[in-house]
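Residue numbers (the working numbering): 466 to 687.
Cβ coordinates follow ideal geometry from the N, Cα and C atoms, glycine included.
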Amino acid sequence: MYHRFFLKNLVYAVAFSLLLLCIRVISLGSGLFLFLVWNFFLAAIPYAITCVLRFSVIRDSRLLFWLGFCIWLAFLPNAPYILTDLQHLTISTLQFIWFDVLLILSFAINGLLIGFASLRMMQELLLHRFSKKITNAIIHSALLLCGFGIYLGRIVRWNSWDVIQHPIDLLGDIATRILFPIAHIETWAFTMGFGGFLIICYQFTFVGITNDEYHRNKKLHN
466 MYHRFFLKNL VYAVAFSLLL LCIRVISLGS GLFLFLVWNF FLAAIPYAIT CVLRFSVIRD
526 SRLLFWLGFC IWLAFLPNAP YILTDLQHLT ISTLQFIWFD VLLILSFAIN GLLIGFASLR
586 MMQELLLHRF SKKITNAIIH SALLLCGFGI YLGRIVRWNS WDVIQHPIDL LGDIATRILF
646 PIAHIETWAF TMGFGGFLII CYQFTFVGIT NDEYHRNKKL HN
């Protein structure tokens with residue numbers, strides 16, 4: 466019931482964002498912000514993955530579930546990543562900057578919400594396998610990793626596809642920052658800042674799985 470309600474309202478929200486984008490393209494004759502559509506598409510991939518895991522037999526296969534979890538985690542940073550597109554406001558004209566703020570924020574909020582919805586579903590799936598305490602720890606860790614993923618995407622300019630296309634170079638960049646944290650202090654400041662922000666937002670948006678949901682999931686698992 467909740468997922469139907471969420472998808473219905475998400476369609477309206479995305480339609481509003483696309484309307485704003487069309488108005489900008491028609492008014493200025495510029496496709497400058499068309500990349501927001503692609504970024505939102507990437508943001509929706511984790512949600513699609515959790516839907517597959519939730520409504521298919523994959524959830525009952527340990528190997529397939531954890532494979533899906535790893536793919537989900539690799540794409541999850543794309544959902545909050547759109548927030549950093551606000552940096553493109555520097556190229557907006559003073560006359561249209563208010564409109565561009567609204568445009569980018571509408572896509573960013575949609576991306577954040579669909580990412581949080583994906584997290585909520587993954588939280589429910591994890592409760593079939595772990596206690597509530599361990600599940601919350603995994604979800605919070607995933608949000609901190611999102612902060613790191615956003616850093617890799619926005620600052621270092623890696624993307625989720627590079628896990629397959631350039632795995633050695635990507636792992637080299639990650640390893641360098643892990644092995645020499647002091648030399649890359651800005652990496653961890655960025656990671657903790659964005660990760661902490663996402664944890665706080667998630668706690669306010671989806672306060673976690675309620676006790677009723679928790680016990681229901683445990684009964685299903687048993």
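Let me make sure I understand the geometry here. Which of the options has the alpha-carbon closest to that of residue i?
i      : options                        : result
Phe613 : Leu584, Ala602, Thr652, Met586 : Thr652
Asp550 : Ile620, Ile510, Leu584         : Ile620
Ile569 : Leu528, Phe669, Leu499         : Leu499
Leu493 : Thr558, Phe471, Val479, Phe506 : Thr558
Phe662 : Pro646, Cys487, Ala607         : Ala607
Val517 : Asp565, Phe505, Gly533         : Gly533
Leu602 : Asn575, Leu617, Gln668         : A quick correction: the sequence has Ala, not Leu, at residue 602. Nearest option by C-alpha distance: Gln668.
Ala509 : Asp525, Trp537, Gly496, Asn624 : Trp537
Thr670 : Cys487, Leu548, Arg585         : Arg585
Asn474 : Leu590, Leu529, Trp563, Ala582 : Ala582
Asp627 : Phe520, Ala539, Val479         : Ala539
Met587 : Ala640, Phe530, Gly658, Thr656 : Phe530
Phe481 : Val502, Arg469, Phe470, His468 : Val502
Hey, residue i and residue j are a contact pair by Cβ (cut 8 Å); roughly how many whole angstroms apart?
i      : j      : result
Gly580 : Leu610 : At roughly 13 Å, the Cβ-Cβ gap does not stay under 8 Å, so Gly580 and Leu610 are not in contact.
Arg642 : His649 : 4 Å
Pro545 : Leu577 : 6 Å
Ile547 : Phe505 : 7 Å
Using the rule of at least 16 other Cβ atoms within 10 Å of the residue's Cβ for burial, across every protein chain shown, is residue i buried or exposed?
i      : result
Pro511 : buried
Asn543 : buried
Leu554 : exposed
His686 : Unreliable placement is indicated for His686, whose pLDDT of 48 sits below 50; the coordinate value is still reported in the next sentence. Under this definition His686 is an exposed residue.
Leu616 : Residue 616 is actually Tyr in this sequence, not Leu. Counting Cβ neighbours within 10 Å, Tyr616 comes out buried, since at least 16 surround it.
Asp565 : buried
Ile514 : buried
Arg489 : buried
Trp623 : buried
Phe645 : exposed
Leu591 : buried
Starting from residue i, trace the alpha helix (DSSP H) both ways and give me its first and last residue.
i      : result
Ser557 : Counting along the chain, Ser557 falls outside any alpha helix (DSSP H), and DSSP gives it neither H nor E.
Asp627 : 627 to 630
Trp537 : 527 to 540
Could you give the DSSP three-state label for residue i: helix, strand or coil?
i      : result
Ile620 : coil
Pro511 : helix
Pro646 : coil
Arg585 : helix
Phe498 : coil
His457 : Any property of residue 457 remains undetermined from this structure, which presents the chain solely from 466 to 687.
Phe520 : coil
His593 : coil
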